[in-house]
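Chains as they are written, first to last, in our numbering: chain R, 2 to 196; chain W, 2 to 196.
Okay, structure first, notes after.
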DNA sequence: AGGGCGCGTACGTTATCACGTACAAGTGTC
DNA sequence: GACACTTGTACGTGATAACGTACGCGCCCT
């Protein structure tokens, strides 16, 4: 077996076990949820076998994830998560001002922030890495103005009053094409916590 | 084999073939690049077999992609937009109007809603049972006016711009003592455990 | 202490993956 | 037209995934 294969198996196995335990499930519980047998799950977690895509998808579903998300939990390990200390208040890029409305406390299940973009401004630079941990989801509401969400190779034009929900662990940014100022509220739900 | 499994296989196969042809490679060319045999690649592309993660990773690498990227090319877009006109609206008690800004989809990690309380109105009646599942947390931001949060035997007065976070599975309600109208945004994050 | 239960893993069996070989069909060159 | 080459797929075989059954271990209750 090639090294790359071993790396593949090693990564998904411990991750599946960590997620399963975080959800307080036994092997038999997850077997019931996913449709994959408990002994098979045990082998996968211990890295003894490489499941097929069909089985891996079912395991991911049992953990309330898509398979690409499950894989991403290990692949994106080089992405750093930037926390409140750097983005508490003030400006990001030129023309971008934000405030974080929720306290930096352990009990926060989601983070709420308000962003103001001057015409032509954006929340980040082209090609910036994702700023949130794997598994995070984000909701954004456009209060005033128009913004464009650029994410994962696609662009979505949003008008005042529109709401968008997306995977916050994919590289993304909001741009204000103008002409007026744009205000949006963002809610980021925590990703799947690691052990 | 379940339909979901079939959908999984159907998706990656045509995608692999499309990418291979776009790169002007034959099955034998890709076999050489990926380390997976040409007959196997043919079977995968035709949906005749579900490759293991180890093999699928090698196929993705031969196409200059990570496996999560290959999978994401077929997954439904994780971005969900709710237009201003699509908000779900309702009225609670007299003087209380609300709109739900997020879609009623499984991928929603949190629900975002906007509430308008006329002077003297409240979001619920005295002693109403909690409306959220155990473990839920809620964040509320007062946009305009003044509201009082009554929860667990205590009362908290909130002014425009204030944010409050609390356990949403405790009986609670927001009251508008007036004199003006009060507007607040609420974010409810799902509980910790699901049955 | 004993019994029952939950949990994770060993093991045997079956199904399927993954490969190597070979065939059929199409294309290009002489 | 004949030949060589490329390409995709059929088929047989070995390896391994995937399952069902059962065991060992630890914990809890009586």
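Think of the CB as a built atom: it goes at the ideal place given N, C-alpha and C, for glycine as much as any other residue.
Minimum Cβ-Cβ distance from residue i to chain R less than 8 Å
i	result
residue 111(W)	yes
residue 188(W)	yes
residue 81(W)	yes
residue 142(W)	yes
residue 150(W)	no
Contacts around residue i, its chain only, beta-carbon distance under 7 Å, and the 5 residues preceding and following it disregarded
i	result
residue 74(W)	16
residue 163(W)	143
residue 62(R)	35
residue 32(W)	38, 39 and 42
residue 18(R)	46
residue 179(W)	120 and 121
Local Cβ density within 10 Å of residue i, reported as buried at 16 or more and exposed below that
i	result
residue 78(R)	Legend: pLDDT at residue 78(R) = 32, less than 50; position of this residue unreliable, value from coordinates given subsequently. It counts as exposed.
residue 139(R)	buried
residue 84(W)	exposed
residue 176(R)	buried
residue 42(R)	buried
residue 72(W)	buried
residue 52(R)	buried
Beta-carbon contacts of residue i that lie in its chain and below 6 Å, excluding the five residues immediately before and after
i	result
residue 141(W)	165, 185 and 187
residue 56(W)	37
residue 59(W)	35, 36 and 37
residue 98(W)	92 and 117
residue 104(W)	81 and 83
residue 1(R)	Any property of residue 1(R) remains undetermined from this structure, which presents chain R solely from 2 to 196.
residue 113(R)	102, 103 and 188
Three-state class that DSSP yields for residue i in the structure shown
i	result
residue 64(R)	coil
residue 182(W)	coil
residue 17(R)	helix
residue 33(R)	helix
residue 190(R)	strand
residue 58(W)	helix
residue 158(R)	strand
Same chain, Cβ closer than 8 Å to residue i, neighbours up to 5 away in sequence not counted
i	result
residue 182(R)	117, 118, 119, 120, 145 and 146
residue 94(W)	122, 123, 124, 125 and 126
Minimum Cβ-Cβ distance from residue i to chain W less than 8 Å
i	result
residue 84(R)	Here residue 84(R) scores only 31 on pLDDT, less than 50, and its place in the model is too uncertain to base an answer on.
residue 162(R)	yes
residue 89(R)	Its pLDDT being 48, under 50, residue 89(R) is placed unreliably in this model, and the value from its coordinates should be taken loosely. No, no contact with chain W.
residue 179(R)	no
residue 69(R)	yes
residue 13(R)	yes
Validate contact between the stretch 151-170 of chain W and the stretch 113-122 of chain W using beta carbons, cut 8 Å, 3 pairs | No: the two stretches stay apart, fewer than three of their Cβ pairs being nearer than 8 Å.
Are the stretch 26-33 of chain W and the stretch 14-33 of chain R touching by the rule of at least three beta carbon pairs closer than 8 Å?
-> With a cut-off of 8 Å, the stretch 14-33 of chain R and the stretch 26-33 of chain W do not count as touching, because too few Cβ pairs lie within range.
Are there three or more Cβ pairs, one per stretch, closer than 8 Å when the stretch 157-174 of chain R is compared with the stretch 142-149 of chain R?
-> Segment contact: the stretch 157-174 of chain R against the stretch 142-149 of chain R, three or more CB-CB distances shorter than 8 Å; contact assigned.
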